[in-house]
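Residue numbers (this note's numbering): 136 to 840.
All C-beta atoms, glycine included, are put in the ideal place defined by N, C-alpha and C.
Being a predicted model, the structure only gives us computed values, none of them experimental.
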Ligand SMILES: [Zn+2]
Ligand SMILES: [Zn+2]
Ligand SMILES: [Zn+2]
């Protein structure tokens, strides 16, 4: 460290430097770096500070300070050895989240520079980076946030932030330690997987689960993610054996291209020139080959979804046969997708019924594990069973019992529609043809959970793939999956950062929590309760949706002409008192032009519950009738004429209709009016009509309790 040329030093200066060195050793333990005690050196900031931050003094806001370090440094002035006091701080130099406080001595006036964080060397020249800034870059990667979010968080609690450039530099610094930690954990996982496989099934080779995760959301029509991560997971250990990142762009190369210069030497992240869809097969084959090379065992089984051409590519690269097992989760989803496509044609296929079919599919697979022929029959029996033909059903079918009803089918009866039978048979036959791939019951759920960890550290809404950032985040996720939350301790060692007790304690807490969560998820009782809650929630939603009418469907404002408002909540509830006993109960029903608040009443129908007296009137419509209402009531209007099922009907004016109704009601005085949905719809409608001028009717109801 260039403290100065070796010239003659005064004895005072000599002691000062000696004591400074001593102090530094006390603070930093065995680490050999020197605390900058000289204010000339402290004048040269290693981190750019934003112009906007210039006005912030040491008295503003909060700082992240290592208390033990500060306490130690305040013990003795470098010049005279007397105690330093924090309130004698002259100024503060900030380097990201770290600061150097220049504190003057009350006794000798010497200015001592005291840092708030330890430092470490990054292999370059210079005074070394502050631990806190490097740790901040690591923390940001681990939490999956970016520098904006980081600065927002710290600004809220009053801590001055760090510039984007400075943070990027620290991010580059931790790239190597992170990737090393992740790749080392993969190597260990390969070793473990190999030895477990050899113990369990010698001479059989490795079984690998593989899937790809893209950093941009896309549908089957447009996959153009700038990057993708392929992950191979061992089926025995459930650990990541290898992962590979494909990137289509590099920020530095792009910039150099734009201003037409040669790019500076950098850790280039561009390694892909083809389409995003081709990433999956290529990366898969590459990973398999790498795993074979490292484990000296052949990869013989590949468990994956049926989306990509990975199989043929892997066979080509590995040069030997490869068995494929389909992922049950994906297959279940594709069965569901095929059924949803039939929804428009067959209205009877509600979401609940499709979920029932998916459940049957899962049962068939789990009950016929490793039995391809049995699975084939079971899958075809599902359709037969639903249509009331139980010849092929296994012993799970209870249709032989007397009074058997289908719990999951409408009205408990089997389906009868011929064309539905044909369509369903086609779907389940095509699934049954793949029963050999399905029978082993392979699942790539591990890979999907890993993809979720990736997404938690590299959100899909932000593009990290043009720099080291994505590699850092993926490496952090992989290390977390393989090692656990305490992977960060390894990274700290590799990055020469001071160990942290708080990190250790927090990792223990997190792993304890995770263990409890896993135990909780595996508990069959809790699973049962969850299912029950799900069922309740679904039926609640269904009844609410029925009440509200169509409120959401894709492109509904393009396609549907009228939007029905929901059944309105009653703002004014008629003051009805309890009826002890009443002989006259009149049931009434209103047909309206829509469910909207200001709809027209089209028909009033009423009937005495015990006598044969009945009443019915059609009313002249004022507004157009919504198609949904027409479908229910059979009432349509054209040119002011009201039609019932296509035949014109006689109508009264609204006022006359209500007057007639009230005089009909007179004969049954006193009476109770009852209606289906009365509280939420009909009573409210009558209330609205009263506002429109039919006061007499309303007062009639209110007084004839
Ligand atoms: Zn002093
Ligand atoms: Zn590049
Ligand atoms: Zn059956």
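Rounded separation between residue 654 and residue 201 - CA only
Rounded to the nearest whole angstrom, the C-alpha separation of residue 654 and residue 201 is 38 Å.
Distance, residue 447 Cα to residue 327 Cα:
Rounded to whole angstroms, residue 327 and residue 447 show a C-alpha spacing of 28 Å.
Can you tell me whether residue 255 is helix, strand or coil according to DSSP?
Residue 255: strand per DSSP, three-state reduction.
State the Cα-Cα distance for the pair residue 747 and residue 787, rounded to the nearest angstrom.
Inter-residue distance for residue 747 and residue 787 is about 23 Å (C-alpha atoms, whole angstroms).
Less than 7 Å separating the Cβ of residue 145 from some heavy atom of ligand 1?
Because no heavy atom of ligand 1 lies under 7 Å away, the Cβ of residue 145 does not count as near it: no.
Going by Cα to Cα distance, which pick from 542, 522, 517 is closest to residue 530?
Nearest option by C-alpha distance: 517.
So residue 340 and residue 435 are in contact, right, with Cβ under 8 Å, and what is the actual spacing, rounded?
Confirmed, Cβ separation roughly 3 Å.
In the DSSP assignment, what are the bridge partners of residue 377?
DSSP, once it has assigned bridges, lists 367 as partnering residue 377.
In angstroms, rounded to a whole number, what distance separates the CA positions of residue 343 and residue 438?
Straight across, the Cα-Cα distance linking residue 343 with residue 438 is about 6 Å.
Could you tell me whether the Cβ of residue 725 comes closer than 8 Å to any Cβ of chain B?
This model lacks chain B altogether; it includes just one protein chain.
Could you name the residues, in chain order, whose CB is less than 7 Å away from a heavy atom belonging to ligand 2?
Around ligand 2, the residues whose beta-carbon falls short of 7 Å from at least one of its heavy atoms are 385, 387, 388, 398, 401, 403, 404, 405, given in chain order.
Assuming residue 762 is part of the alpha helix (DSSP H), what are its boundary residues?
From DSSP, the alpha helix (DSSP H) with residue 762 extends over 762-768.
For my contact list, residue 424 and residue 452 are in at a C-beta cut-off of 8 Å; report their separation, rounded to the angstrom.
Correct: roughly 5 Å between the Cβ atoms.
Using a threshold of 8 Å, state whether the C-beta atoms of residue 464 and residue 352 are closer than that.
No, these two residues do not count as a Cβ contact at 8 Å.
In chain order, what are the residues with a CB under 6 Å from some non-hydrogen atom of ligand 1?
Ordered along the chain, residues surrounding ligand 1 are 212, 214, 215, 217, 240, 242, 243, 245 [Cβ under 6 Å from any heavy atom].
Please determine, among 611, 281, 519, 450, the residue with the shortest C-alpha to C-alpha distance to residue 301.
Its Cα nearest to that of residue 301, the residue 281 stands out among 611, 281, 519, 450.
Is residue 495 near ligand 3, judged by its Cβ being under 7 Å from some heavy atom?
Incorrect: residue 495 has no Cβ contact closer than 7 Å to ligand 3.
Using the beta-carbon count (16 or more within 10 Å), is residue 668 buried or exposed?
Exposed is the call here.
Please write down, chain order preserved, every residue whose beta carbon lies under 5 Å from a heavy atom of ligand 3.
Those satisfying the condition are, in chain order, 520, 525, 528, 532, 534.
Counting only runs of 3+ residues fully inside the region 455-517, write out the beta strand (DSSP E) ranges in chain order.
Listed in chain order, the complete beta strand (DSSP E) runs (minimum 3 residues) inside the region 455-517 are 458-461.
Helix, strand or coil for residue 395? Go by DSSP, reduced to three states.
In the structure shown, residue 395 sits in coil (DSSP, three-state: anything other than H, G, I, E or B).
Spatially closest choice to residue 312 from 611, 337, 251, by CA coordinates
Between residue 312 and the set 611, 337, 251, the nearest pair of CA atoms involves 611.
I need the boundaries of the beta strand (DSSP E) containing residue 789, first residue and last residue.
Note, residue 789: premise wrong, no beta strand (DSSP E); alpha helix (DSSP H) at 789-801.
Restricting to Cα atoms, I'd like to know which of 364, 525, 512, 244 is closest to residue 590.
The residue among 364, 525, 512, 244 with its C-alpha nearest the C-alpha of residue 590 is 364.
If you measure between the beta carbons of residue 230 and residue 265, is that distance less than 8 Å?
With contacts defined as CB atoms closer than 8 Å, residue 230 and residue 265 qualify as a contacting pair.
What are the boundary residues of the alpha helix (DSSP H) that residue 807 is part of?
Counting along the chain, residue 807 falls outside any alpha helix (DSSP H), though it belongs to the beta strand (DSSP E) covering 807-809.
Once the 5 residues before and after residue 505 are set aside, which same chain residues still bring their CB inside 8 Å of it?
Here the set comprises 574, 575, 576.
State buried or exposed for residue 381, treating a residue as buried only when at least 16 other CB atoms are found within 10 Å of its CB.
Per the 10 Å Cβ criterion, buried.
Please identify the residue among 418, 411, 401, 390 whose C-alpha is closest to the C-alpha of residue 377.
Closest option to residue 377, Cα to Cα, is 418.
Kindly indicate which residue of 325, 371, 321, 670 has the alpha-carbon position closest to the one of residue 335.
Comparing Cα positions, the closest option is 371.
So, helix, strand or coil for residue 229, using DSSP?
The answer is strand: DSSP assigns residue 229 an E or B state.
Would the beta-carbon of residue 745 fall within 8 Å of that of residue 721?
Not a contact, by the Cβ cut-off of 8 Å.
Using 8 Å as the Cβ pair cut-off and three pairs as the minimum, do the region 192-212 and the region 247-264 touch?
These segments touch.
With DSSP run on the structure shown, which of helix, strand or coil describes residue 328?
Residue 328: helix per DSSP, three-state reduction.
Thinking C-alpha only, which one of 192, 212, 197 is nearest residue 153?
Residue 212 is the option with its Cα nearest to residue 153.
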